[in-house]
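There are 4 protein chains.
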Amino acid sequence: MVRIGLLGCGRIGQVHARAIKDIPDATVVAVADAINAAASDLAARTGAEVRDSQAVLESADIDAVVIGTPTTTHYDIIHQAARAGKAIFCEKPVDLSSDRIRDCITVVEENGVAFFTAFNRRFDPNFANMQTRIVAGEIGQVELVTILSRDPSPPPIGYIKSSGGLFRDMMIHDLDMARFLMGEEPVSIYATGSALVDPEIAAAGDVDTAAVTLTTARGAICQISNSRRATYGYDQRIEVHGSAGMLRAQNMLENTVEVATAAGFTTAPAQNFFLERYERAYAAEMVAFVSAVHTGTSPRPDIHDGLKAQLLADAATLSFESGRSITL
Amino acid sequence: MVRIGLLGCGRIGQVHARAIKDIPDATVVAVADAINAAASDLAARTGAEVRDSQAVLESADIDAVVIGTPTTTHYDIIHQAARAGKAIFCEKPVDLSSDRIRDCITVVEENGVAFFTAFNRRFDPNFANMQTRIVAGEIGQVELVTILSRDPSPPPIGYIKSSGGLFRDMMIHDLDMARFLMGEEPVSIYATGSALVDPEIAAAGDVDTAAVTLTTARGAICQISNSRRATYGYDQRIEVHGSAGMLRAQNMLENTVEVATAAGFTTAPAQNFFLERYERAYAAEMVAFVSAVHTGTSPRPDIHDGLKAQLLADAATLSFESGRSITL
Amino acid sequence: MVRIGLLGCGRIGQVHARAIKDIPDATVVAVADAINAAASDLAARTGAEVRDSQAVLESADIDAVVIGTPTTTHYDIIHQAARAGKAIFCEKPVDLSSDRIRDCITVVEENGVAFFTAFNRRFDPNFANMQTRIVAGEIGQVELVTILSRDPSPPPIGYIKSSGGLFRDMMIHDLDMARFLMGEEPVSIYATGSALVDPEIAAAGDVDTAAVTLTTARGAICQISNSRRATYGYDQRIEVHGSAGMLRAQNMLENTVEVATAAGFTTAPAQNFFLERYERAYAAEMVAFVSAVHTGTSPRPDIHDGLKAQLLADAATLSFESGRSITL
Amino acid sequence: MVRIGLLGCGRIGQVHARAIKDIPDATVVAVADAINAAASDLAARTGAEVRDSQAVLESADIDAVVIGTPTTTHYDIIHQAARAGKAIFCEKPVDLSSDRIRDCITVVEENGVAFFTAFNRRFDPNFANMQTRIVAGEIGQVELVTILSRDPSPPPIGYIKSSGGLFRDMMIHDLDMARFLMGEEPVSIYATGSALVDPEIAAAGDVDTAAVTLTTARGAICQISNSRRATYGYDQRIEVHGSAGMLRAQNMLENTVEVATAAGFTTAPAQNFFLERYERAYAAEMVAFVSAVHTGTSPRPDIHDGLKAQLLADAATLSFESGRSITL
């Protein structure tokens, strides 16, 4: 049995708690949140105790921590958890600063604890299926990757201001998917972006519409585009064109019903947002983490994956700001 | 060069004239129509002469006739054409009476002329592709066939009154497709129908919504449904379920464009009606006819196919009127 | 809190137990099964007690029973449960004999207990969405319903022998869906069938491939076809054609990934079978049952729906055996 | 009647001849080709005379010329045709040198002749439909355009060597589509590319896999990717994401048939190459040209469109060679 302490009882913490509930050999022992009501609410639903964050990190009856607290708190929690020998499941981004992620790598490696960076999309059944087939050689060598990722609507402007910018907050998922699917590290990156959705986003110095091009040493190319709005739901599509064929993952729709009228044939919109769209991915990533802790193997994506995605997001930001292509 | 006389210069005659124009080794020598303007108009467009129907059937410079005149005239024209040794391309139905079709078979066979019954759907690239694959064994033994056929809107009530009824006028195409795809003759038929679209259709003793079930000796089953209306275009779908897989032909849409909005993803409607939907089928059936005349082989579907479909339509009508399943 | 006793701890009982686990205001108090290991296993996973069936039906701490035992046992359990004042959730079919279902209706009504017939497909999000839209008038008057239902492979021959035959065992679901979607009772039924999949099925006097046609007083028509095999997964499609448009529910595929090669574009097969395909339906039907018990309202589908579907299955069987259309 | 002289009787010349044949108020008077057999062959099929190129340009009975000769000959022919007052339909590219295109603009404008640059894709019914709907405001402001364009296989290496490179030969179509759909000129371009398909292409200094990013003054972004291979046919997809919705044009498949097996659901591959895929576009562009000549209006795309696409292709080439983003 993997005994888990859950830090952060907000929306994503609740998702993780539900995922743990469905895993026979894992249990949430304790939960903590800066807001007491959030903690006691989730405790009631999971049968866990409420403890304060410090206590969770020091509890002898806890094997692993799930970090779903605000990004700025990750650094300290990771340090404490690593020193206390806890396995760590950490929401992305590990930190907004690459240097601070390098510090975390040091403490994690010195203490030999398992570290899982929660790039949930790798566990989406569709994208995972694509990656397995690419690795199996089903489409030959990867040549062109196209990633289209659009949110249904922008987050509150307050969130955007502390997000590190679109490339670090939103596109980081797509940058990780590019690494995951290309099987090779990018050697150059070019980024461009605009604020088209909301002038407040421009005023905050950020963009809401962006495009990135990555190239690898072998010459494979990946194009990513992001938008902070899509009237038709959460748009999450990837296609990988290879020397022997092409794989693509289409959107998941709200249902399979189609209506035919004089206007044509209309399906449902895409599932609205990440909690729904990635429901199975959240479950599967927790299974992978628990299984790694259980068997003492190193989970993937690990903290190096967290760093590499962050470095790509940093480079994208620099490319966007400078108008130049960046060599990695 | 196959020299053709075209009888009937209405909508379908014009379709056939256009098809002949695109065939290098065929030419329309003469056209005839009860309405002079129709004949001279088509003559001008094709470079053919206007002759009267009688003259066309007697002309020594004509090898084959294409019959696109009203159904009631087919019988006499077929007799004259057969006696004159002309190859015959005849629009469906050959005649509304099975007995009279049997007479036509006699004269056609006595005179040894080629006879093509224009069941155009057999030449639709989609349905033809299905049939080829079924014959090649791609889905094993045929077990269940589902044919969905809906017109965008009913024809004028005047047309309906002289049409022989939905089963003989509209479903006859689907009955022929059932024979074409099952590779076996039906041994029983059950039909039901309703007038839901227009009370005038009921008043005329006909139906506008109908369903038929066919079974073969081997136990394969075919379900057909027809409606005289469909808000979303001309609905023409067939699926064939076999022991080793399933083949289905989807509708052809007006274009491939899809719009995504909060309502979902909307494609174009189906191509509106038969002239557009079966454009390639009309071209291909004429190629098949000309080629048969050219090479002296017997074209298919032939007059026996015309008779067999008619007998199925008669049996469907009888089943509908009696409420009983009919053994064939 | 609705306190539930679960009778039958096989595959379907486990599905229901999982569904109850996710409902905040319901709990499984006790489980029973003729096989002790099955009961204790499920008890361990749910935190429920093992009791014998009799005890469950008499326990004062149980408000409702979920009946997932073999069909032959339903009759007695329903009688006892009704007399004990328990709300009843009963797997389909209620019984293989319509007369015995009528007895059950009597005891259920005399004792005023809630009775839910578990036609799970009504709660499938796709089919439920269609029904809501039909009732809302989105496609006008229902004219033609097409239900295609194919299992991936036949059940063991032993199961088939005691199943009551394809019409009562498999098509009963589709017959219920026809009633659900047409909003009107059928007035005639015609059935045909064949044994094409397995000669043992023929030897057992049953069919594995079947087609049914239903008509309503208003003239709406429904065509259903069933097969006990489909190489491409569990095929569950419905389309409803109305005066103002058409609604159709497509299959749910294993994932959204498509591969493009010289062979064309290939998606995943359909989800393999009912546990996967109707996962959400099983959850939703239990929510509906619990909510009805909670609020004291009458759940639907109720025992009359169970009887009506059974009467249609009986009539289909009679039609198949007699070759005649049956008036209801 | 628009009387046309056809220069170049190769594959594309034959396509244009066929298109003209279907236009009632246009006729091919004369054809010319450096290879006599090609000219006499096409003359036989169209009923036109064979003349030499010079004669065609000087003939008083010719109103317009269709230029389908090798690119290097365009410059002289355009000059002669313009001075002779002929309307000009010219295959893309007008010339491989922007300066020489500017010369052509001068002579065309001095002589006031109509000039049509044959960017056929603007007349594809799917893409034309998208553009009409964008202009009508159906998806609001254009924000992100994604153009995926892949040939089934690379042209002969000899062709590639004289093609001006992928950006000028292949991507120029996509660059024109970007202008067509965005309704705004690009202000920056970034290009990258690789030779992954054939090492001979690399040896020739060209690429076979490429990606371009365009931005406009308003901040709209367009991503284009090209590959010289696709195992599944000619891949031609465009999507335009706007503030109020998204439009996308899917591939046209060889037919609508789908087969279902244990591998899943497989449709036909995409139509194989441009002659088939753009059959309707070739017909429609000729209709547009003839109609403009007939009515004395200025056809679009005109010679300025030809120049602007060429300038974008030049800039893409420069960006690729320098690794820098280019400001336009």
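Residue numbers (the numbering used here), protein chains in the order written: chain A, 922 to 1249; chain B, 922 to 1249; chain C, 922 to 1249; chain D, 922 to 1249. The C-beta atom is built at its ideal place from N, Cα and C for all residues, glycine as well. Everything numeric in this text was worked out from a predicted model, so none of it was measured.
Tell me which residue opens and which closes the alpha helix (DSSP H) that G926(D) is part of.
That residue, G926(D), is in no alpha helix (DSSP H); its beta strand (DSSP E) goes V923 to L928.
What first and last residue would you give for the alpha helix (DSSP H) that runs through R1221(C)?
Segment: none, R1221(C) is in no alpha helix (DSSP H) and carries neither H nor E.
What span of residues does the alpha helix (DSSP H) with I1078(C) cover, start to end?
I1078 to K1082
According to a CB-to-CB cut-off of less than 8 Å, which residues of the region 1134-1167 of chain A neighbour chain C?
A1165, G1166 and M1167
Rounded to whole angstroms, what is the Cα-Cα separation between A1099(C) and I1247(C)?
17 Å
Could you check the C-alpha separation between Q1001(B) and L1239(B) for me, to the nearest Å?
32 Å
Near N1041(A), which residues of its chain fall below 7 Å by C-beta distance, leaving aside the five closest residues on each side in sequence?
Y1199, A1202, Y1203 and E1206
Compare the C-beta of F1186(B) with all C-beta atoms of chain A and state if any pair is closer than 8 Å.
yes
Pull up the distance between the alpha-carbon of M1173(A) and that of T1188(A), whole angstroms please.
C-alpha separation (whole angstroms): 11 Å.
How would you list, in chain order, the residues of chain B whose beta-carbon sits under 7 Å from the beta-carbon of S1115(C)?
Neighbours of S1115(C) on chain B, chain order: G1140 and I1142.
Which residue from K1229(C), I1122(C) and K942(C) puts its Cα closest to that of A969(C)?
Considering only alpha carbons, the answer is K942(C).
Just to make sure I have the definition right: I need the residues of chain A whose C-beta is within less than 8 Å of the C-beta of N1172(C). Which are they?
T1177
Can at least three beta-carbon pairs, one atom from the region 1095-1111 of chain A and one from the region 1133-1152 of chain A, be found at a separation below 8 Å?
yes
Pop quiz: I983(A) and K1007(A) are said to be a contact at Cβ under 8 Å. What is the actual Cβ separation, rounded to whole angstroms?
6 Å
Let me know if A1116(D) comes out buried or exposed under the rule of 16 or more other beta-carbons within 10 Å of its beta-carbon.
buried
Beta-carbon of N1041(A) versus every beta-carbon of chain C: anything under 8 Å?
Under the Cβ distance rule, N1041(A) does not count among the residues neighbouring chain C, no pair being separated by less than 8 Å.
Hey, quick one: how far does the beta strand (DSSP E) through D1156(D) stretch, first residue to last?
Its beta strand (DSSP E) spans residues D1156 to G1163.
How would you list, in chain order, the residues of chain B whose beta-carbon sits under 8 Å from the beta-carbon of Y1111(C)?
Y1111, T1113, T1134 and S1246
By how many angstroms is the C-alpha of I1145(A) removed from the C-alpha of G1185(B)?
Roughly 23 Å separates the two Cα atoms.
Which residue marks the beginning of the alpha helix (DSSP H) containing A960(D), and which one marks its end?
N957 to T967 is the span of the alpha helix (DSSP H), which, as asked, contains A960(D).
Give the residues of chain B in contact with P1190(A), contact being defined as C-beta atoms less than 9 Å apart.
A1181, T1182, A1183, A1184, G1185 and F1186
Since D1127(A) and I1081(A) are thought to touch, with beta carbons under 8 Å apart, how far apart are those beta carbons, to the nearest angstrom?
6 Å
Quick one, which of V977(A), N957(A) and E1059(A) has its alpha-carbon nearest G1163(A)'s?
E1059(A)
Hey, how far is the Cα of A1191(A) from the Cα of R1150(A)?
13 Å
State yes or no: is the beta carbon of L1069(D) nearer than 8 Å to at least one beta carbon in chain A?
yes
With F1037(C) and F1194(C) assumed to form a contact (beta carbons below 8 Å), what rounded beta-carbon distance in angstroms separates them?
At roughly 23 Å, the Cβ-Cβ gap does not stay under 8 Å, so F1037(C) and F1194(C) are not in contact.
Beta-carbon within less than 7 Å of D1119(D)'s beta-carbon, same chain only, minus the 5 sequence neighbours each way: which residues are those?
P1075 and D1129
Can you name, in chain order, every residue of its own chain whose Cβ lies under 6 Å from the Cβ of Y1111(D), other than the five neighbours on each side?
T1134, S1240 and S1246
May I have the straight-line CA-CA distance separating G989(D) from L1232(D), to the nearest angstrom?
22 Å
Suppose contacts are defined by Cβ-Cβ distances below 8 Å. Is L1069(C) in contact with T992(B) by that definition?
no
Specify, as a first and last residue, the run of the beta strand (DSSP E) that Q1062(D) falls within.
Counting along the chain, Q1062(D) falls outside any beta strand (DSSP E), and DSSP gives it neither H nor E.
Given the structure, does E1059(C) come close to the ligand SAH, in the sense that its CB is under 7 Å from one of the ligand's heavy atoms?
This structure does not include the ligand SAH; it has no bound ligands of any sort.
Leaving out five residues before and five after V1208(C) in sequence, what residues of the same chain have Cβ atoms less than 7 Å from its Cβ?
I944, listed in sequence order.
Quick check: the Cα distance between F1088(C) and N1147(C), rounded to an integer number of angstroms?
C-alpha separation (whole angstroms): 9 Å.
When you compare only the Cα positions, how much space is there between E1160(C) and G1061(C)?
Between E1160(C) and G1061(C), the C-alpha separation is close to 14 Å.
Checking contacts by CB at 8 Å: is E1197(C) closer than that to chain A?
no
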